[in-house]
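*Asks:*
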Amino acid sequence: MSRRILASAELTIELGRIVDNYRRLGGWAGAADVAGMVKSDGYGLGAVPVSEALVAAGCRTLFVAQASEGVELRQALEGDQRASVDIYVLNGAHPGTEDALVEHRLLPVLNSLEQIDRWVDRRRSSERSLRAAVHLDTGMHRLGLPVEEARRLAAEPWRLADLEIDLVMSHLASADDPASGRNADQLRLFVELTRPYADHRLSLANSSGIHLGPEFHFDLVRPGYALYGGNPIPGRSNPMSPVVTLEAPVLQVRPVAAGDTVGYGATHRVLRAGRVATLGLGYGDGFPRALSGLGQARLGVHTVPVVGRISMDLATVDVTDVPESELWLGRPVELIGRHRLLDDVAHEAGTIGYELLTDLGSRYRRRYRTD
Ligand SMILES: *Cc1c(COP(=O)(O)O)cnc(C)c1O
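Okay, so the sequence shown: first residue is 9 according to the numbering used here, each after it adds one.
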């Protein structure tokens, strides 16, 4: 049997599984189209390769947060039929980004009457028709037209007359909690506020929102986390395919005696003589320091505990119970993957998988697999 050896920590991203997840979400969403949320560099996994895979699978709508992300994506996708993909910018036509939005044919998600008016002015000074979306705030109180502004817009439809509005959307605050009454409240308000836009495409649901029922689907669903293998229905078994594997090499193995301490601050005291393996990854790679003394790793068939503090470049695991013959230098140890589930690791670190993914830095050797 050939032994796999890593020179440094490695992030494997299975694009084929993102496409599987995309199709699965599309099945659940019924007649609704499925957009790809690729903000924050595709949840840390690479907005460009992820978008290319989604577009090849038929996705025609992408969302980023910032105009600069949209510019990068548009440039990367340009040059063939992929140029026809709609790229929406959730932060809207923020002052200072309008030129970039026009030049790169990005669609702002307009978040206030003020933004709408400014985009209309822009439209008048531009040759191009300016397509855009409108975001109505139905209870998140973060982005979007507040209810009073939404009502005013409905009463003054001429404000939108010069624009090509092709999507009216809102965002759910508690979709990951199906028992929350806020979901029905937001749905009711969305239905009411979008009554004047019956001939427009409507969109409400993120990953978790898709599971709240068909009445949440409208014309377009906007999953992010579930595409990347995160569990959209917390508390139930994850129906998505895992996408990410994070592995680090064994750099050293050392014997430790009872009473020895491991790592900064000597936070771990060895109780029985054994062995500690040092792994080549740390919080500088986005592996949470909060997992010091708490996390686990998977080495072959063995689950081993993280002992001592996680430092910038290194983490230590107790491998006393792993046969020495299995502890070769460079051996890959799984930190996130099939055995160390993204949602579980995040929970152990006191955070959510979203943050864990987006924290994964740029230091890894990245492998994109398409099979
Ligand atoms: C991030 C985001 C989504 C995707 O949410 P997930 O929970 O990752 O599916 C959808 N809509 C908006 C407005 C967002 O900001």
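Backbone N, C-alpha and C define an ideal beta-carbon position, used for all residues, glycine too.
Since we're looking at a predicted model, the values are computed, not measured.
Is it true that the CB of residue 30 sits closer than 8 Å to the CB of residue 62?
*Replies:* A contact, by the Cβ cut-off of 8 Å.
*Asks:* By the three-class DSSP mapping on this structure, what secondary structure does residue 75 have?
*Replies:* Of the three classes helix, strand and coil, the one that applies to residue 75 here is helix, per DSSP.
*Asks:* Let me make sure I understand the geometry here. Which of 173, 144, 207 has the alpha-carbon closest to that of residue 159?
*Replies:* Considering only alpha carbons, the answer is 144.
*Asks:* Tell me the residue span of the beta strand (DSSP E) that contains residue 173.
*Replies:* Where residue 173 is concerned, the enclosing beta strand (DSSP E) stretches over 172–177.
*Asks:* When you compare only the Cα positions, how much space is there between residue 263 and residue 286?
*Replies:* Using only the alpha carbons, I get a separation of about 11 Å.
*Asks:* Check whether the Cβ of residue 59 lies closer than 7 Å to any heavy atom of ligand 1, and answer yes or no.
*Replies:* No, Cβ of residue 59 sits at least 7 Å from all heavy atoms of ligand 1.
*Asks:* Report, in whole angstroms, the separation of the C-beta atoms of residue 25 and residue 250, which I expect to be a contact under 8 Å.
*Replies:* Contact flag correct, Cβ pair sits at about 7 Å.
*Asks:* Does DSSP classify residue 327 as helix, strand or coil?
*Replies:* Residue 327 falls in the coil class under three-state DSSP.
*Asks:* Is it right to say residue 244 is buried, meaning 16 or more other beta carbons lie within 10 angstroms of its own, or is it exposed?
*Replies:* Exposed.
*Asks:* Starting from the N-terminal end, write out each residue whose C-beta falls within a distance shorter than 5 Å of any non-hydrogen atom of ligand 1.
*Replies:* My final list is 45, 179, 214, 215, 230, 231, 232, 233.
*Asks:* Within the chosen definition, does the stretch 107–125 reach the stretch 137–155 through at least 3 CB pairs nearer than 8 Å?
*Replies:* Contact between the stretch 107–125 and the stretch 137–155 is present, because at least three Cβ pairs lie under 8 Å.
*Asks:* Please state if the CB of residue 257 and the CB of residue 15 are separated by a distance shorter than 8 Å.
*Replies:* In this structure, residue 257 lies closer than 8 Å to residue 15 by Cβ.
*Asks:* Under 6 Å Cβ to Cβ from residue 377, same chain only, skipping five residues before and after it: list those, please.
*Replies:* Excluding residues within five positions, the ones whose Cβ falls inside 6 Å are 22.
*Asks:* Which parts of the stretch 311–357 are runs of the beta strand (DSSP E), unbroken and 3 residues or longer, counting only runs that do not cross its ends?
*Replies:* As far as the stretch 311–357 is concerned, its whole beta strand (DSSP E) runs of at least 3 residues are 323–326, 340–344.
*Asks:* For residue 109 and residue 157, what's the separation of their Cα atoms in angstroms?
*Replies:* Whole-angstrom Cα-Cα distance: 24 Å.
*Asks:* Which value, in whole angstroms, describes the spacing of the CA atoms of residue 34 and residue 86?
*Replies:* Residue 34 and residue 86: Cα-Cα distance of roughly 25 Å.
*Asks:* Can you tell me the Cα-Cα spacing of residue 57 and residue 50, whole angstroms?
*Replies:* Roughly 9 Å between the two C-alpha positions.
*Asks:* Could you name the residues of the same chain whose beta carbon sits closer than 6 Å to that of residue 277, not counting the 5 residues immediately before and after it, in chain order?
*Replies:* Here the set comprises 269.
*Asks:* Which of helix, strand or coil does DSSP assign to residue 80?
*Replies:* Looking at residue 80 - three-state DSSP - the assignment turns out to be helix.
*Asks:* Which whole runs of the beta strand (DSSP E) in the stretch 145–207 are 3 residues long or more, in chain order?
*Replies:* List check, beta strand (DSSP E) in window: 172–177.
*Asks:* Inspect the beta-carbon positions of residue 191 and residue 220 and report whether they are closer than 8 Å.
*Replies:* Yes, the Cβ-Cβ distance between residue 191 and residue 220 is below 8 Å.
*Asks:* With DSSP run on the structure shown, which of helix, strand or coil describes residue 218?
*Replies:* Looking at residue 218 - three-state DSSP - the assignment turns out to be helix.
*Asks:* Going residue by residue through the stretch 248–315, where are the continuous beta strand (DSSP E) segments of at least 3 residues, counting only ones entirely within it?
*Replies:* 252–264, 282–287, 304–307, 310–313, all fully within the stretch 248–315.
*Asks:* Quick test of your reading: residue 172 and residue 138, contact by CB under 8 Å. State the CB separation rounded to the nearest angstrom.
*Replies:* Contact holds; Cβ gap of about 7 Å.
*Asks:* In the DSSP assignment, find the unbroken alpha helix (DSSP H) run with residue 93 in it and report its ends.
*Replies:* Neither: residue 93 is in no alpha helix (DSSP H) and is coded neither H nor E.
*Asks:* Quick one: using the 10 Å Cβ neighbour count with 16 as the cut-off for buried, is residue 344 buried or exposed?
*Replies:* Buried, because 16 or more other Cβ atoms sit within 10 Å of the Cβ of residue 344.
*Asks:* For the pair the stretch 361–371 and the stretch 312–319, tell me if three or more CB-CB distances fall below 8 Å.
*Replies:* No: the two stretches stay apart, fewer than three of their Cβ pairs being nearer than 8 Å.
*Asks:* Do the CB positions of residue 20 and residue 41 come within less than 8 Å of each other?
*Replies:* No, the Cβ-Cβ distance between residue 20 and residue 41 is not below 8 Å.
*Asks:* Along the chain, where does the alpha helix (DSSP H) that runs through residue 376 open and close?
*Replies:* Element bounds for residue 376: not the alpha helix (DSSP H) but the beta strand (DSSP E), 373–377.
*Asks:* Can you tell me which of 202, 129, 370, 93 puts its alpha carbon nearest to the alpha carbon of residue 107?
*Replies:* Of 202, 129, 370, 93, the residue nearest in Cα terms is 129.
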